[in-house]
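Asker: The opening residue of the sequence shown carries number -1 in the working numbering; numbering runs sequentially from there.
Idealized CB from N, CA, C, for every residue including glycine.
Quick one: structure below, then a few questions.
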Amino acid sequence: MRLILFGAPGVGKGTQAKLISSKLNIPHISTGDILRQAVKDRTELGKKAQEIMNRGDLVPDDIMIGIIEDRLHKFDCENGFILDGFPRTVNQAIALDKLLDEMNIKNAKVINITANNDELVKRIGNRRACKSCGQIFVLKDIEEKSNCPNCKAENSFYLRDDDKEAVVRNRLDVFRQNTAPVLDYYTKQSNVISIEGLGSIDEVSTKVFEELKIN
Ligand code: AMP
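What follows is the structure, encoded as structure tokens:
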């Protein structure tokens, strides 16, 4: 299965992508995670991306398209993949279409997870990332000073710079201006499945699994 998970920041794309990925055993490709890893490793890409990400703006299309081209050609994508955070502009969507065409992939599905902005700002402010493994948690599910349930790192939770309220508001503006048109692009040419993203992780994943006919 080839999936494109679409939706505003904080809507739960990453969480749903992880669940689908472990159920179907196909890679979860998050461009945000790839960039954060590059920042952590202080690579050339990381140096270019860091400031842009801290402002909540978009990394240039040519860089992002190059990253996805390389990633989708890795052998683990042969049986499918889940894209999370890409495409974020119509140019990226056009480049992805071209790439999938070249790879002879015709059946990519788009899942659009929806939620209103106020809810998203609230949700993002209430989440914490682990500095060590990058996994995101909801504040109420963890103690801020406890060990990470995923990688066991000590005292590693933090509020990402781009999860601070002013940056979140900018990310949502960027989404409205640059990324929302991607949904129109897909709606015109394919079959977009829209799912309401409010509700618990389980409620949303039940709907996603039903739509994808995954048991
Ligand atoms: P995310 O974790 O998907 O919210 O991504 C975090 C940040 O990485 C975004 O706010 C952007 O600065 C950058 N980013 C991730 N994916 C893309 C993309 N497809 N195009 C441009 N910038 C991206």
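Going by other Cβ atoms of all chains shown within 10 Å of its Cβ, with 16 needed for buried, is residue 105 buried or exposed?
Answerer: exposed
Asker: Would you mind stating whether residue 90 and residue 59 have Cβ atoms separated by less than 8 Å?
Answerer: yes
Asker: At which residue ranges does the segment 48 to 120 contain complete beta strand (DSSP E) runs of 3 or more residues, listed in the order of the chain?
Answerer: 79 to 82 and 107 to 112
Asker: By DSSP's criteria, residue 192 is part of a beta bridge. Which residues make up the other side?
Answerer: Partner residues in the beta bridge of residue 192, as assigned by DSSP, are 110.
Asker: Assuming residue 20 is part of the alpha helix (DSSP H), what are its boundary residues?
Answerer: 11 to 22
Asker: How is the alpha helix (DSSP H) around residue 127 delimited, first residue to last?
Answerer: Note, residue 127: premise wrong, no alpha helix (DSSP H); beta strand (DSSP E) at 125 to 128.
Asker: Report, in whole angstroms, the separation of the C-beta atoms of residue 142 and residue 126, which I expect to be a contact under 8 Å.
Answerer: 7 Å
Asker: Provide the residue(s) that pair with residue 3 in DSSP beta bridges, ordered along the chain.
Answerer: According to DSSP, which records beta bridges pairwise, residue 3 is partnered with 82 and 109.
Asker: The ligand AMP and residue 25: does any heavy atom of the ligand fall closer than 7 Å to the residue's C-beta?
Answerer: Remark: the C-beta of residue 25 is outside contact range of the ligand AMP, defined as less than 7 Å to any heavy atom.
Asker: Is residue 175 a contact residue of the ligand AMP, with contact defined as CB to any heavy atom under 7 Å?
Answerer: no
Asker: Cβ of residue 57 within 7 Å of any heavy atom in the ligand AMP?
Answerer: yes
Asker: Keeping to the same chain, check which residues put their C-beta closer than 6 Å to that of residue 115; ignore five residues upstream and five downstream.
Answerer: Cβ neighbours of residue 115 beyond the five flanking positions: 170.
Asker: Nearest CA to the CA of residue 79: which residue from 161, 8, 196 and 22?
Answerer: 22
Asker: Can you name, in chain order, every residue of its own chain whose Cβ lies under 7 Å from the Cβ of residue 67, other than the five neighbours on each side?
Answerer: 97
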